[in-house]
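Worksheet: the structure to be examined is printed underneath.
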Amino acid sequence: MDRRDEGPSLSASPATVDLSRDSAADVDLTGKVHQLPCCIKYDGPASISHYFKPKPTGMEVDGLQVEEAYFRGRKLHGTTIALPQGYSGFVLGKKSPNAETNTTDSDCWQTNATFQNVTVWNHDAMPSKDDAFVRAFHWFTAANALHRSVTAEDLESTCID
Amino acid sequence: MESEKPPPPPPKWASKPCIMGIDEAGRGPVLGPMVYGCLYCARSYQKTLSTLNFADSKTLKEEKREELFESLKADESIGWAVDVIDPRELSAKMLKKNKINLNEISHDSAIGLINKVLSIDVLLTEVYLDTVGDAEKYRVKLSERFPNIKFVVAKKADSLYPVVSGASIVAKVTRDRALRDWVLDETAEGLHRNFGSGYPGDPQTKAWLEDHKHPVFGFPTLVRFSWGTCTSYSKDSVQVLWESDETDEDGNGRSKKRQMKLTSVGFTTPKRKSEDDESSGKGRCKFFQARKLELLPHF
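Residue numbers (numbering that gives the first Met the number 0), protein chains in the order written: chain A, 0 to 160; chain B, 0 to 298.
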């Protein structure tokens with residue numbers, strides 16, 4: 000559990016996020032990241048692979064392979080979504096305090112693990128292309144279009160006489 | 000619904016008017032499957048049936064039940080079938096957003112067995128069952144669905160009608176064997192199989208539940224999470240909030256508040272000022288709202 004102060008000290012030291020993946024501690028969590036349709040009031044390790052056992056159903060919805068699993072008695076249907084080409088998922092952690100920075104409360108984050116897919120679970124509903132999580136990926140396309148540099152041709156074609 | 004051991008092809012006597020008894024085993028236990036069993040025979044065999052010493056399965060010793068089950072399986076004048084309802088299915092149905100209660104699951108199972116026997120061309124004319132909920136309502140429900148069958152729904156049917164006693168043996172033996180041979184889904188270390196009878200009051204079952212409770216996962220999936228007994232073991236377990244909980248206790252102010260907090264589940268950050276603000280994408284343009292995309296300036 001993160002118990003940092005929310006004071007103005009935040010602005011004092013700028014936050015840094017280190018996305019380099021060369022550290023020996025970097026773990027590949029591909030196939031192990033799950034988005035559950037519930038809020039688990041717990042932050043810490045759990046023996047997930049011993050208790051949470053997704054199984055393929057053989058069903059397909061909207062071209063998504065449907066898996067099933069049980070959590071706390073509820074039946075969940077889910078699907079594993081690959082992150083788009085060129086994108087990765089990152090699990091960040093506070094950089095452990097060291098002598099160099101001489102601070103325990105800096106806003107420096109490092110990459111603890113990365114992943115290339117996420118399994119998204121629904122309770123009582125099949126996964127679908129209309130799920131908010133699946134649709135969130137639309138942003139990448141929109142963002143690319145928004146941030147693409149404008150060429151002379153683009154200007155010309157949108158020019159109003 | 001999951002069934003094992005399909006009944007044999009219709010015997011010669013199936014075209015004569017037949018009677019059938021239906022009974023359940025494992026309705027009360029907090030763990031393991033619930034089993035519905037049926038036993039049927041020609042009406043003309045009814046007299047012989049009553050000489051076979053079938054009694055309510057609960058009054059018999061386990062070895063005697065096993066023995067009777069083997070003898071009725073070998074009897075060519077008797078047909079039988081079972082419906083084994085997995086504890087995962089029981090929990091899942093009873094914890095759905097639109098909850099299905101145990102009586103409904105029981106009715107559906109009995110109806111499934113009748114359909115199964117009819118589908119192999121057994122001429123059912125009379126079916127005997129124990130009460131599940133209101134006896135008369137149950138009888139009407141069944142009669143409407145199967146107008147050509149006379150239904151007798153009675154309390155203690157398993158001790159009144161030999162055909163139901165036989166069905167109770169089929170169900171009870173199948174349930175006991177299913178629990179005895181149960182393969183746990185979970186692979187954690189230290190799990191054991193001393194389930195006891197599965198009844199919440201059984202000291203062995205209590206000890207098993209105590210040994211297998213898990214703060215995050217609750218219990219192995221052998222346990223029926225929808226049973227009230229489970230909550231007494233969850234004192235030190237982690238709280239889990241579901242979107243579907245919002246339909247709990249309608250009209251109750253407290254549950255309504257809980258619903259607010261659940262507008263968005265999943266991504267939570269400890270720095271959030273109030274949980275009611277969790278709905279990601281709130282206050283942003285429609286594109287982001289529909290995708291629950293939130294801008295996180297700092298985290």
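We put the beta carbon where it would ideally sit given N, CA and C, even for glycine. Please read these numbers as outputs of a predicted model, since none were measured by experiment.
Within the segment 42-121 of chain A, complete beta strand (DSSP E) segments of at least 3 residues are found at 54-60, 63-70, 73-81, 88-93, 107-114, given in chain order.
Within the DSSP bridge table, the entry for residue 284 of chain B names no partner. Taking each of B/32, B/162, B/131 in turn and checking the Cα distance to residue 152 of chain B, the smallest one comes out for B/131. Beta-bridge partners of residue 16 of chain A (DSSP): A/108. Separation of residue 147 of chain B and residue 47 of chain B (C-alpha to C-alpha, rounded to the nearest whole angstrom) is 25 Å. With respect to chain A, the C-beta atom of residue 204 of chain B has no partner C-beta closer than 8 Å. According to the DSSP assignment, residue 107 of chain B belongs to the alpha helix (DSSP H) that extends over 101-118.
Sequence-distant Cβ neighbours of residue 32 of chain A in its own chain, meaning closer than 6 Å and more than five residues away, are 114, 117. In the three-state scheme derived from DSSP, where H, G and I count as helix and E and B as strand, residue 93 of chain B is classed as helix.
When the beta-carbon positions are compared, residue 197 of chain B and residue 28 of chain B come within less than 8 Å of each other. Not a single unbroken stretch of the alpha helix (DSSP H) spanning 4 or more residues falls wholly within the segment 162-195 of chain B. The residues 23, 25, 26, 84, 89, in chain order, have a CB closer than 7 Å to that of residue 33 of chain B in the same chain once the five nearest residues on each side in sequence are set aside.
Residue 133 of chain B is not bridged by DSSP to any residue. Rounded to whole angstroms, the gap between the alpha carbons of residue 231 of chain B and residue 217 of chain B is 11 Å.
In this structure, the alpha-carbon of residue 60 of chain A lies about 35 Å from that of residue 296 of chain B.
Here residue 86 of chain B is buried. Its C-beta has 16 or more other C-beta atoms within 10 Å.
Assigned with DSSP and collapsed to three states, residue 150 of chain B falls in strand. The C-alpha of residue 201 of chain B lies about 11 Å from the C-alpha of residue 208 of chain B. CA-CA distance, residue 184 of chain B to residue 44 of chain B, rounds to 43 Å. A Cβ of chain B is located within less than 8 Å of the beta carbon of residue 36 of chain A. Listed in chain order, the alpha helix (DSSP H) elements of length 4 or more contained wholly in the segment 28-80 of chain B are 45-48, 61-73.
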